[in-house]
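**Q**
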């Protein structure tokens, strides 16, 4: 398994929190591409 910080953080979060963080990140990427 990937032993990166993101995976460890996701393991600590509840599924809802992890999902929200993922969506937030994806939206951030899309916003960056729009510029």
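Numbering (my numbering), first residue to last: 39 to 73.
C-beta: ideal position from N, C-alpha, C; glycine also.
1. At which residues does the alpha helix (DSSP H) containing residue 62 begin and terminate?
2. What's the C-alpha gap between residue 52 and residue 68?
3. By Cβ distance, which residues of its chain are closer than 6 Å to residue 59, with the 5 residues on each side in sequence left out?
**A** According to the structure shown:
1. Position 24 of the chain shown, counting from 1, holds the residue named residue 62. First-last of the alpha helix (DSSP H) with residue 62: 53-72.
2. Looking up residue 52 in the chain shown gives position 14. Looking up residue 68 in the chain shown gives position 30. Answer to the nearest angstrom: the Cα atoms are 25 Å apart.
3. Locating residue 59 in the chain shown gives position 21, counting from the first residue. None.
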